[in-house]
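K.L.:
In this note's numbering, the protein residues as written are 225 to 455.
Beta carbons: idealized from backbone N, C-alpha and C, even for Gly.
No experiment lies behind these values; they were computed from the predicted model shown.
Below: one structure in structure tokens.
Here it is as structure tokens:
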């Protein structure tokens, strides 16, 4: 094969993959009334007309969030952060050929405290902790009838490409665990295995993007721990 042609083809494919990634994105920013970023805010992208959860996201240090690989359709956005009133956007339409940038979300402060929130006994859809993010699958209103693989795609920071490669915050080579035990399979085998698990059997998904030294070297790119319900 001609080397020049190979290089041009490779570069083109890389550019095309990058374009596809960003051409199917919805992004925005979330702040308080003083325009200070609300780091750790939880965003939920939901589809119309059934309000089913498409993807969850967590705002970064700058209050920015992004949803990748989103199909064209009609959606609305929900946002929440402890100590602030919940937010729900108006409906909007997006296509696969353009990046959709939403207006800045400003949350209003509320009088709800952590203690009052705990009294309800209902876990939020996403819990942001010091060492990990927990996606509470059983609190997802549309988890019934799908698989663990489909639910994993909705988790914040997780992207699954067309070849079933699982990435966490843009990094591949993620270590996947089931109830704390590492799963050593190829991408295809892992995808098939997760597709065999009903979503109703999944309790939560723990996402560790920066594992501590207590984890093996193989988990340095990130760890996804899928916790199943005890039967």
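Between which two residues does the alpha helix (DSSP H) holding residue 415 run?
P.N.:
If you number the chain shown from 1, residue 415 lands on position 191. That run of the alpha helix (DSSP H) goes 411-419.
K.L.:
Quick check: does the Cβ of residue 296 come within less than 7 Å of any heavy atom belonging to the ligand NAP?
P.N.:
As presented, the structure is devoid of all ligands, the ligand NAP included, so that no description of it is given.
K.L.:
Apart from the five residues on each side of it in sequence, which residues of its chain come closer than 8 Å, Cβ to Cβ, to residue 282?
P.N.:
Locating residue 282 in the chain shown gives position 58, counting from the first residue. Cβ within range, chain order: 264, 265, 266, 267, 289, 350, 352, 357, 380 and 381.
K.L.:
Starting from the C-beta of residue 412, find all residues in its chain whose C-beta is less than 7 Å away, skip the five residues before and the five after it, and write them out in chain order.
P.N.:
To locate residue 412, count along the chain shown from 1; it is residue 188. Excluding residues within five positions, the ones whose Cβ falls inside 7 Å are 388.
K.L.:
Consult DSSP for residue 444 and reduce its assignment to one of helix, strand or coil.
P.N.:
Position 220 of the chain shown, counted from the start, is the residue given in the question as residue 444. DSSP places residue 444 in coil when its eight states are reduced to three.
K.L.:
Tell me the DSSP secondary structure of residue 376 in three-state form.
P.N.:
Within the chain shown, residue 376 is the residue found at index 152, counting from 1. In this structure, residue 376 counts as helix in the three-state DSSP scheme.
K.L.:
Taking 8 Å as the threshold, find out whether the segment 398-413 comes into contact with the segment 296-307 through three or more Cβ pairs.
P.N.:
As far as the Cβ criterion goes, the segment 398-413 does not touch the segment 296-307, which means the pair count is below three.
K.L.:
When you compare the CB positions of residue 308 and residue 331, do they come within less than 8 Å of one another, or not?
P.N.:
The count along the chain shown starts at 1 and reaches residue 308 at position 84. The count along the chain shown starts at 1 and reaches residue 331 at position 107. Yes; because the gap between Cβ atoms is below 8 Å, this pair is in contact.
K.L.:
So, under 8 Å CB-CB, residue 254 and residue 303 are touching, yes? Tell me the CB distance rounded to an integer number of Å.
P.N.:
Indexing the chain shown from 1 puts residue 254 at position 30. Indexing the chain shown from 1 puts residue 303 at position 79. With 8 Å as the limit, residue 254 and residue 303 qualify as a contact, their Cβ atoms being about 6 Å apart.
K.L.:
Find the nearest neighbour of residue 280 within the set 270, 372 and 287, judged by alpha-carbon distance.
P.N.:
If you number the chain shown from 1, residue 280 lands on position 56. With distances taken between Cα atoms, residue 280 lies closest to 270.
K.L.:
Do you know how far the Cα of residue 249 is from the Cα of residue 326?
P.N.:
In the chain shown, the residue the question calls residue 326 occupies position 102. In the chain shown, the residue the question calls residue 249 occupies position 25. Answer to the nearest angstrom: the Cα atoms are 11 Å apart.
K.L.:
Counting C-beta neighbours from all protein chains within 10 Å, is the total for residue 346 16 or more, i.e. buried, or is it exposed?
P.N.:
In the chain shown, the residue the question calls residue 346 occupies position 122. Result: exposed.
K.L.:
Among 362, 319, 384 and 393, which has the Cα closest to the Cα of residue 427?
P.N.:
By 1-based counting over the chain shown, the position of residue 427 is 203. Closest by alpha carbon: 362.
K.L.:
Excluding the five sequence neighbours on either side, which residues of its own chain have a C-beta within less than 8 Å of the C-beta of residue 414, listed in chain order?
P.N.:
Position 190 of the chain shown holds residue 414. So the qualifying residues of the chain are 388, 390, 400 and 407.
K.L.:
Quick check: what's the CA-CA separation for residue 449 versus residue 370?
P.N.:
Mapped onto the chain shown, residue 449 falls at position 225. Mapped onto the chain shown, residue 370 falls at position 146. Straight-line Cα distance between these residues: approximately 18 Å.
K.L.:
Below 6 Å CB to CB, which residues in the same chain sit around residue 458 once its five sequence neighbours on both sides are set aside?
P.N.:
In this structure the chain extends from 225 to 455, so residue 458 is not present and cannot be described.
K.L.:
Nearest to residue 384 by CA position, among 420, 315, 292 and 287, is which residue?
P.N.:
Taking the first residue of the chain shown as 1, we reach residue 384 at position 160. Comparing Cα-Cα distances from residue 384 to each of 420, 315, 292 and 287, the minimum goes to 292.
K.L.:
For a minimum of 4 consecutive residues, which ranges assigned as the alpha helix (DSSP H) are wholly contained in the segment 277-362?
P.N.:
Fully enclosed alpha helix (DSSP H) runs of 4 or longer: 338-343.
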